[in-house]
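Numbering (mature numbering (1 follows the signal peptide of the UniProt record, and there is no 0)), first residue to last: -22 to -1, 1 to 491. Glycine included, every Cβ here is placed at the ideal spot set by N, Cα and C. Worksheet: the structure to be examined is printed underneath.
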């Protein structure tokens, strides 16, 4: 069983292909492992094509990257190149959707989900002191509260319990406004978004203006809550920008309601580039070491070239981002605030540099670039120096700047890198891997073999509340303790997965069985 485990793992993680003579045995193994292959195929049929056309880097990283990596697992077990064909279709589309929004000469992916929201109280949950009808940080225009006020009719979900309404009086403008945070990044692309609806004849409108000049806007013409968004480039030079909630015309009757109105920069994030790039790099490594896969050589070469000329140099040579390498690890971009305007550190969470180190390690095995290996090793050493051995188990924080412990989900990114280091004979040893295994079993596991559950944080605290089904990188520790696989398989035996993290965990259960 151990020999089977190591062989299967090496197919993808070390980039070697199963010899042709083993195809029949692989097929037999697939038949014996049909419970996991069946579960995997069923979920892949449901969600396999759900993400790869989305240009949003957050969705690509935390969804599509897992789907593509799962295809490599499925190929490793079945030797069916249909899984590689799926990966190629996805990778081609993902690369095709890469862009150079910031004009720095490097293509990649970006999102507005993690950047500072440049409006305070965007969901109107807080009220102005002394006036419960006026949302804090917002100001009325030509109204004292009779036509512009907070309401409890909301779209629901994560938008909270409050919204705002602007009612027409047919004689003058009634509006709500707020100036944009002056720390916004001029010259950058921003996403203006929010919920809205109308009643009567009015058209509701969210408008971003520089004085009297409209930069971008959203129109709401339906009587049911509708989410809309648009992108626009903010002017340079720091002019005062204002977001207005209003009607398209004050001479028609009715009202417009708004909620969750936000303005955020569309920026790249290192961990997203890394996670999206890793399965492409692993595919290139697999093809390079597998003569039987020579038909994929051109695709592998194209993915490698894209990663080497666009993604990797982007984080050290971009005039827009600035050089994020500080000699020990990568940091937040020095030229723009992609996370916060009030942060006190430039350090990134561990998962971000480790994800990029993982990418470089895989690429280095294909291209032999010494700088790639050197950068990755330094990051590995930096991360290892921040691990605490507690009773034979490793415990570590989410980042150097916080005492909050790493969580089970983000730890999958960390562990993927740690395992890659170990298998490359760099920084991390078998003793380290045993300590990570002990983290899962002695600190995080509830001790039940029939209803196993794991804590949210690596120190054993917090209820994971379903996140403990995200076990794909933890499953690599099966090599050091078979019970890791057994516990995960017990969780999944009567569980129906719904997302990409479940999908890749199923593919690892299949590959490591």
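Near residue 342, what residues of its chain come up, given a Cβ to Cβ distance below 6 Å and the 5 sequence neighbours on each side ignored? 350 and 351
What does residue 236 pair with, by DSSP beta-bridge criteria? 142 and 174
Output the residue ranges of the alpha helix (DSSP H) runs that lie fully inside the stretch 315 to 397 and measure 4 residues or longer, sorted by chain position. 329 to 345 and 348 to 363
Give the secondary structure of residue 399 by DSSP, where H, G and I count as helix, E and B as strand, and everything else as coil. helix
Determine the DSSP secondary structure at residue 247, reduced to helix, strand or coil. coil
Can you have a look at residue 55 and say buried or exposed, based on whether 16 or more other CB atoms are within 10 angstroms of its CB? buried
Suppose contacts are defined by Cβ-Cβ distances below 9 Å. Is residue 132 in contact with residue 197 by that definition? no
Ends of the alpha helix (DSSP H) at residue 416? 408 to 416
Whole-number beta carbon distance between residue 380 and residue 373, since they are thought to touch under 8 Å: Not a contact, Cβ separation roughly 14 Å.
Please classify residue 147: is it buried, with 16 or more other beta-carbons within 10 angstroms of its beta-carbon, or exposed? exposed
Based on the DSSP output, what are the partners of residue 129 in its beta bridges? 141
Grab me the residues of residue 43's own chain with a C-beta within less than 7 Å of its C-beta, minus the 5 sequence neighbours each way, in chain order. 253, 254, 256 and 257
Under 9 Å between C-beta atoms of residue 482 and residue 45: yes
Can you tell me whether residue 60 is buried or exposed? The criterion is at least 16 other CB atoms within 10 Å of its CB, across all chains shown. exposed
Three-way DSSP call (helix, strand, coil) for residue 107 in this model: coil
Evaluate the contact criterion for the stretch 434 to 442 versus the stretch 458 to 475: three or more CB pairs, one atom per stretch, below 8 Å. no
When burial is assigned at 16 or more other CB atoms within 10 Å of the CB, is residue 388 buried or exposed? buried
List in chain order: all unbroken alpha helix (DSSP H) runs of 4+ residues lying wholly within the stretch 3 to 80. 12 to 25, 43 to 56 and 60 to 74
Distance CB(residue 490)-CB(residue 393) smaller than 9 Å: no
When DSSP labels each residue in this structure, what does residue 281 get in the three-state scheme? helix
Quick one: grab the DSSP three-state call for residue 444. coil
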